[in-house]
Amino acid sequence: MTATATLAKPEPATTGFDPEALRADFPALHQEIHGHPLTFLDNAASSQRPNAVIDEIARFDRNDYANIHRGVHELSQRATKAYEGARDKIRQYINARDRKEIIFVRGTTEAINLVASSFVRPSLNLGDEIALTTMEHHSNIVPWQMACRERGAVVRVAPINDRGELELEELEKLLTPRTKLLTLVHVSNALGTINPVKEIVAMAHERGIPVLLDGAQAIPHMRVDMQDLDCDFYAFSSHKMFGPTGVGVLYGKKELLEAMAPYQGGGDMISVVTFEKTFYAGLPAKFEAGTPNITGGVGLGAAIDYLEQLDWDGAVAHENELLRYGTERLSEIPEVRLIGTANRKASVLSFVVDGVHPHDIGTILDREGVAVRAGHHCAQPVMQRFSVPATTRASLAFYNTKEDVDALIRALRKTIEVFK
Ligand code: PMP
């Protein structure tokens with residue numbers, strides 16, 4: 082079967098963007114796996130880190146590391162400056178209005194759970210509704226099911242079409258006076274679909290419904306602007322945007338965060354504690370109980386520095402071209418069926434092969450040095466929608482090349498031969 086994914090805005094190839102030069106920044110890409118040069122196409126799970134991040138983490142840990150915020154000594158002050166400096170960089174990078182709107186968390190999952198616990202749960206009543214979509218990651222489904230089960234509320238799900246695009250009219254119908262929150266993925270990890278989130282936010286706001294965007298897969302592929310999107314919350318993870326694991330961000334509008342009760346209690350999130358009464362700290366500390374991932378935050382700051390100097394127009398054009406090329410090459414293989422052929426897509430190629438289980442494909446591709454992911458991608462409802470148990474997913478970043486796509490195709494053809 083052939084696929085027909087086309088890009089919404091094919092952008093002209095730019096001359097200035099040089100993926101080969103960028104690859105030199107990422108040491109993990111330069112190694113052999115099972116006797117083959119590594120072809121790393123598992124970026125949607127976790128992207129690789131540039132030397133700038135790896136080196137800054139080592140430098141910080143060697144010279145400036147100490148616990149933050151309360152220390153009067155020099156090291157603690159240096160560490161605080163680096164950690165809080167990272168918060169400023171993130172604010173600027175995503176164009177949030179105020180550094181208080183940047184809450185450090187463990188990652189997207191924790192960010193969503195924070196909103197579920199502190200924003201939605203306290204005012205969720207019997208018969209209320211949370212609207213989301215078929216293409217959500219489990220981390221944007223399960224917290225809502227948990228909250229709804231506890232409060233007698235209901236999760237409502239907007240359908241997607243056969244290309245993996247949101248059915249906007251159906252989504253609109255879900256938005257009623259009972260809807261407490263609309264929460265959806267900006268870019269789908271399983272399908273690559275880019276949702277028209279700005280329009281969707283406006284549609285929800287017209288009805289007075291707040292919106293949470295899961296930005297985990299958007300932020301590695303594009304610049305995002307909180308003031309432009311006007312969403313109420315935005316969640317993302319450092320490890321998918323060329324930074325370290327164990328840290329991520331919840332962006333929230335200040336007036337909403339200010340009105341919310343803390344997510345967890347503990348050190349750092351208080352101003353005064355007595356056994357009679359405790360006064361909480363202001364934002365952002367109110368939501369950051371306990372010692373955070375200090376080095377992780379600093380590493381994320383270094384990733385932001387790296388991304389700030391990237392030629393984003395060039396990177397987007399390059400990834401679009403890789404997506405076009407990859408879609409075309411995969412479509413030439415009769416046994417391959419692409420899952421996710423949206424008009425607006427990020428560089429994610431999810432596919433099934435007649436007669437071969439994705440896990441077998443993943444394993445054989447690995448023997449050829451090609452790293453992809455096989456499984457349900459923590460999006461089982463997407464698999465159910467397309468009636469497949471799993472897919473093989475090649476997910477690309479700006480440092481991938483056409484040679485990487487060629488290596489995938491070569492290894493895939495070999496795999497299909499094995500199973501013939
Ligand atoms: N949402 C999406 C769309 C994702 O791709 C992922 C990670 N695969 C998550 C949420 C969860 O991110 P994390 O595991 O970093 O919390």
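First residue of the sequence shown: 82, per my numbering; consecutive thereafter. Beta carbons: idealized from backbone N, C-alpha and C, even for Gly.
Beta-bridge partners assigned by DSSP to residue 329: 186 and 318.
The residue among 440, 129 and 401 with its C-alpha nearest the C-alpha of residue 424 is 401.
Annotation: residue 298 to residue 125 spans about 7 Å, alpha carbon to alpha carbon.
Measuring C-alpha to C-alpha distances from residue 440 to each of 456, 266 and 467 identifies 456 as the nearest. A direct Cα-Cα distance of roughly 53 Å separates residue 162 from residue 413. Put simply, the backbone Cα of residue 342 is about 41 Å away from that of residue 420. Separation of residue 301 and residue 321 (C-alpha to C-alpha, rounded to the nearest whole angstrom) is 6 Å. Counting along the chain, the unbroken beta strand (DSSP E) around residue 213 starts and ends at 210-214.
Within the model, the alpha-carbon separation for residue 274 versus residue 234 is close to 28 Å.
Residue 351 sits in a strand when the DSSP states are folded into three classes.
By the CB criterion at 7 Å, residue 166 and residue 318 fall outside the cutoff.
Not one heavy atom of the ligand PMP lies closer than 6 Å to the C-beta of residue 380.
With a cut-off of 8 Å on Cβ pairs, the segment 167-187 is in contact with the segment 325-332, counting three or more such pairs. Within the same chain, Cβ atoms closer than 7 Å to the Cβ of residue 432 are found at 411, 417, 418, 419, 420, 472 and 473, the five residues on either side in sequence being excluded. Taking the Cβ of residue 129 as the reference point, every heavy atom of the ligand PMP lies at 6 Å or farther away. Proximity to residue 279 across 306, 288, 484 and 272 peaks at 306, based on C-alpha coordinates.
By the neighbour-count definition (other C-beta atoms within 10 Å, threshold 16), residue 207 is an exposed residue. With a cutoff of 7 Å on beta-carbon distance, residue 443 and residue 114 are scored as not near each other.
Annotation for residue 261: the continuous beta strand (DSSP E) segment containing it runs 260-266. Between residue 315 and residue 338, the C-beta spacing is not below 7 Å.
A straight-line Cα-Cα distance of about 7 Å links residue 291 and residue 285. When distances are taken from the beta-carbon of residue 431 to the heavy atoms of the ligand PMP, even the shortest one reaches 6 Å or more.
In this structure, the CA atom of residue 179 is about 38 Å from the CA atom of residue 453. One alpha carbon belongs to residue 106, the other to residue 380, and they sit about 15 Å apart.
Taking C-beta atoms under 8 Å as the contact rule, residue 164 and residue 378 qualify, at a distance of about 5 Å.
According to the DSSP assignment, residue 454 belongs to no alpha helix (DSSP H) but to the beta strand (DSSP E) extending over 454-456. Counted as a single uninterrupted DSSP element, the stretch harbouring residue 123 is not any beta strand (DSSP E), since DSSP gives it neither H nor E. Taking 6 Å as the cut-off, one finds at least one heavy atom of the ligand PMP near enough to the beta carbon of residue 270. Looking at the backbone, the Cα of residue 349 and that of residue 158 are separated by about 15 Å. Counting other Cβ atoms within 10 Å of its Cβ, residue 246 reaches 16 or more and is therefore classed as buried.
With respect to the 7 Å criterion, residue 361 and residue 199 are not classified as neighbours on the basis of their beta carbons.
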